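Enquirer: Throughout, the numbering used here is defined as the position within the sequence shown, counted from one, plus 2. Ideal placement from N, C-alpha and C gives every residue a C-beta, glycine not left out. This one's a predicted model, so the numbers in the text were calculated from it and none came from an experiment.
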Amino acid sequence: MKEVLNDPNAPILPLINKQLVDDIVEHKFSEAPFEVGKMMEYLVQVNFWLQEYRITLV
């Protein structure tokens with residue numbers, strides 16, 4: 003997820019609160035609830051989908 007957050011061209015960035023997600027990523031996942039890890043996986047997958055299918059938002 004850090005790679006996605008650091009990519010200024012990541013298509014998911016306009017859809018998320020980057021600072022909030024970055025704060026969550028910086029938290030130690032070993033101490034975080036299972037759902038947090040699943041949420042990060044979901045965001046990475048959505049970003050991939052947006053890139054792969056060249057989805058643009060207007």
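Would DSSP call Asp-24 helix, strand or coil?
Expert: helix
Enquirer: Thinking C-beta only, is Val-6 closer than 8 Å to Ile-14?
Expert: Yes; because the gap between Cβ atoms is below 8 Å, this pair is in contact.
Enquirer: Find out if the Cβ-Cβ distance for the pair Leu-45, Val-60 is shorter than 8 Å.
Expert: No, they are not a contact pair.
Enquirer: Exposed or buried, Asn-8, counting other C-beta atoms within 10 Å across all chains shown (16 or more means buried)?
Expert: exposed
Enquirer: Taking all protein chains shown into account, decide if Asn-49 is buried (16 or more other Cβ within 10 angstroms of its Cβ) or exposed.
Expert: buried
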